[in-house]
Structure formats: structure tokens, C-alpha cells
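Okay, so the sequence shown: first residue is 1 according to full-length UniProt numbering, each after it adds one.
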Amino acid sequence: MDKQVLNDEMFTILVLMAIFTTFITTPAVVAIYKPSRQRRSGNPPPLTDTQEKLRILACIHGTGNIPSLINFIESVRATNKSSKIKLYVMQLTELTDSSSSILMVRSSRKSGFPFINRFQKGTMQEAFRACGQVGQVTVHHLTSISSLSTIHEDICHIAEEKGVAMIILPFHKRWRGEDEETIEDIGQRWREVNQRVLQSAPCSVAVLVNRGVGRRYEQRVETSATPGKKVCIIFVGGPDDRKVLELGSRMAEHPAIRLSVVRFNLHNEGTFRDQEHSYNTSTSASDNNMENEKELDEVALNEFKTKWLGAVEYIENDTVNIANEVLAIGRVKEYELVIVGKGHQLLNSTGMIDIKDSQLEHAELGPIGDLLTSSAQGITSSVLVIQGQHLINSSETSLRTSRAMSIVINTIPESSV
């Protein structure tokens, strides 16, 4: 300005342009440029693959999720020495501000498990150490520190990076089995985390609804001459139910598991297509695919029955109202755990009318899972809802690798036997 190259008006315009450019560049780049990872080719190994370790990513919010998780891992732990499990336990922690994140990282470097008090840390360490020592289980510990709007990306990223076959998510509620009193509800935002994982996971996802898995088993051992945890699989049809059968094959190998498979044959058969606004399914809507699904169901069931003849209780149930039959299974107090698939295409429209016409309380669990987890139904069994891997366009589900303050920490060296 001293040399009169720029007058006051031009200088002011340049300063304002510089300020404007500074403030607009970052939001513009974030909005326009979204780097994504390409999905790895191939599918995760099936749950029944005994040639390599079964890799499971289990997410926990706190110590309250540990008993049900360990009990489930024990249920799928095969006695065959060649069939091992590699368990990744991820502690999910909400990131609130940058200063707290720095403190949490420092804490994790010193003590292993961050963000929990000394008693909780010791409890978690001992619990998972014991889990690793029981059988063919290798345990790795991770911690995700992220905002709840993006923490699902950490979960999916680790699942793909580690090549896991299944992600286990805790339901956002826990019940006391006998009177259905809600003892914990961590909120709608954590429920939305589960929904986003279900939408974008690179592998199968299981949502565990805990009504005291393990507690009633211990009580029955004291009073029963035939100890064992009773598990029921509900089979209606579709890829998610076939994935449930895969899990059932691993459970059937365990000597302490008494497995029952209830197959519902639906009369007056119609087409019940899942409404996209209610919940997503993993099946096709075309009639040809429906017929293919039926054939695949029969093949899967025949293979399962042939392999586990005499070891697994198999029940054929002809019904016109599956809702009442499902509720009866959940209320009977015989089964500690009921396993169902999320999506169902081949459902009797008459049999499902009680579910289809009502407002789903937990739509992310599918129609049968929602029925078994809804309030005031008198259900006493814990529920595991499984969604098989969805074939989703990678451009629609790409995970952003540059986002605000997300940290994943490998907190503790692995424990194994």
C-alpha cells in the first residue's frame, strides 16, 4: 500500500476473500471429497469352517455386557482342537471433546483398559483371561473412542481389517428375566449405532438381547439331573435363518449345549415382503428368487439334520399363526437362549398379521426378533438376532477414513491358551 500498488478498497476485498477462502475450504473439501476404502474381494469364512480360526468381533459398553458375551462364546466354542476362536473385544466409548480424548489415550497407555475404574478393569481382565484359558479361544482387546455418529465406522473397519465372520452387538436394553423390569437402557443413540452397523457391516451381525444369559443355567445345574444350557433355533426360511443354522452347527458340537430346532411350516402361503421403512432384509423380492430361497432352505435343513441326527432335537411345526407359537417358545422358561434370523421373506401373510399390522417396537431386529424383545410379552429367554452378510454396493456403504477425532486403541496384549 505504501507504493500505491493497491488502494484501500482493493486491499479490503483481498482480505475479505482470504478470510472467506479460509473458512469455506475445509467444509467444502469435507462435503465434496469423501475418501473411501474399497471392500476386500471375497466373503468372510462361514461359521462352520474348521480349517481356520473363527474370528468374532464383540462390542461391549461396559462390564454389564461381559457375562452374556462370555457365556455365548463358551456356547460356540467347539471341543475340536482344530476349531479355534479368535475373539476381538472392542470397548465402545463415546468421545465428548478433544481434551477428554487426550486424557483417555494417556490413561490407556498406562493401564490397558481406559475409562473405567480399577475394580472394573480387574474384573474385565480376569473375565477374559479365564475365557481364553477355558478352551481354544484367543482374546484381543480394542477400544474405540469416537462420537456416536461415526463409531459404527470403527466397528466396520476393524471387522473388515481383521476378517471377522461375525460382529456381536449388545442390545441397548437389558431385562431382569422373571419380571421384565428394565434394569438398563443406554439410550436411543446407542440403538442408532446398532442400526448403522446392521446397514453397513461387511459380515454377519448378531444383536444379543440379554435377559440373564448364564444365571438361569447355573440355577438349573443345581436342580437338574441332566445339566446343560437349552438353546432354541427358530427357522422360518431365508438366508438369515440359514446363517442361524451355521451357528447352530457349532453349538451342537458343545457337550453342554442341548439344542432344539423348531421349523415352522406356514399354510396358506403368501408373500410377506419387509417394508423398507421398517427394517431391511437380506432377500430378493422376485418370485424366482423366492423359489430359489425355498430350495436353499431345504438343502440347508437336510444337511443339518443329516449331520446332527440324534444329537439335536428337530421339531416340525405346522401353524397358521406363527406369532402365538413364537411367543410360547419365549415364555416357556425352558430355553435360556432363542436364536432367530432377522429378515424373513417366505412368511405366511395370515400367520404374520399380528406382527405386520402392529408398530414394531424394535424394527432393527426384524419381525420375530421384535416380537421376542417387545415389552409386556412375558418373555423370559434371552434372544440372539442374526443378520447374514448383505451384498451392498460399496459406493453406498464406503467408510470414510478422514473424520473428526476417532481413535481405536489396541489396549491389552492377547490372552490365549
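The beta-carbon is built from N, C-alpha and C at its ideal position, and this holds for glycine as well.
Contact set for residue i: own chain, Cβ-Cβ below 6 Å, skip 5 residues either direction
i: R216; result: With a pLDDT of 49 at R216, under the threshold of 50, the modelled position of that residue is not reliable, and the figure given next carries that caveat. Counting only Cβ-Cβ distances below 6 Å, and skipping sequence neighbours, we find E336.
i: K243; result: S204, I386 and G388
i: D241; result: F235 and G341
i: V326; result: I368 and L371
i: W190; result: H172
i: N210; result: S68, R174 and S382
i: D318; result: N265
i: N7; result: none
i: A130; result: none
i: G228; result: A256 and R258
Residue i (DSSP reduced to helix, strand or coil)
i: P170; result: strand
i: C156; result: helix
i: I379; result: coil
i: A58; result: strand
i: K53; result: coil
i: K84; result: coil
i: T306; result: helix
i: L327; result: helix
i: L16; result: helix
i: V332; result: coil
i: L266; result: strand
i: V164; result: coil
i: P255; result: coil
i: T48; result: coil
i: T79; result: coil
i: L301; result: helix
i: E295; result: helix
i: E126; result: helix
Bounding residues of the alpha helix (DSSP H) (the contiguous stretch that carries residue i)
i: A252; result: P239 to A252
i: Q195; result: Q188 to S200
i: I368; result: G366 to T373
i: L95; result: Per DSSP, L95 belongs to no alpha helix (DSSP H) and is neither H nor E.
i: S68; result: I66 to V76
i: N7; result: Looking at the DSSP string, N7 is not in any alpha helix (DSSP H), and its letter there is neither H nor E.
Same chain, Cβ closer than 8 Å to residue i, neighbours up to 5 away in sequence not counted
i: I60; result: I66, L69, V89, M90, Q91, L92 and P170
i: E184; result: G64, K173 and R174
i: Q188; result: H172
i: I379; result: E180, R211, L327, G330, R331, L372 and T373
i: residue 453; result: Given a span of 1 to 417 for the chain in the structure shown, any question on residue 453 remains unanswerable.
Boundaries (first-last residue) of the beta strand (DSSP E) holding residue i
i: G341; result: L337 to G341
i: T319; result: E313 to T319
i: S204; result: S204 to N210
i: K230; result: K229 to F235
i: L148; result: Element bounds for L148: n/a, residue is neither H nor E.
Check: residue i C-beta below 8 Å from any heavy atom of the ligand GDP
i: I13; result: Looking at this structure, you won't find the ligand GDP or any other ligand, since it has none at all.
Which residues DSSP lists as bridging residue i, in chain order
i: E184; result: R174
i: M90; result: C59 and L142
i: V261; result: I233 and Y314
i: I386; result: A206 and G341
i: V137; result: I85
Neighbourhood of residue i by C-beta, 7 Å cutoff - its chain only, sequence neighbours within 5 removed
i: A252; result: L259, W308, A311 and V312
i: V207; result: L169, F171, N194, L365 and V385
i: E334; result: K230
i: T79; result: E253, H254 and P255
TODO: Give a yes or no on contact between the segment 196-203 and the segment 75-92, applying the rule of three or more CB pairs nearer than 8 Å.
DONE: Taking 8 Å as the limit for Cβ pairs, the verdict is that the segment 75-92 does not touch the segment 196-203.
Open item on the list: Contact between the segment 243-253 and the segment 300-310 is defined here as three or more beta-carbon pairs at a separation below 8 Å; is this criterion met?
Closed with: Yes, the segment 243-253 is in contact with the segment 300-310.
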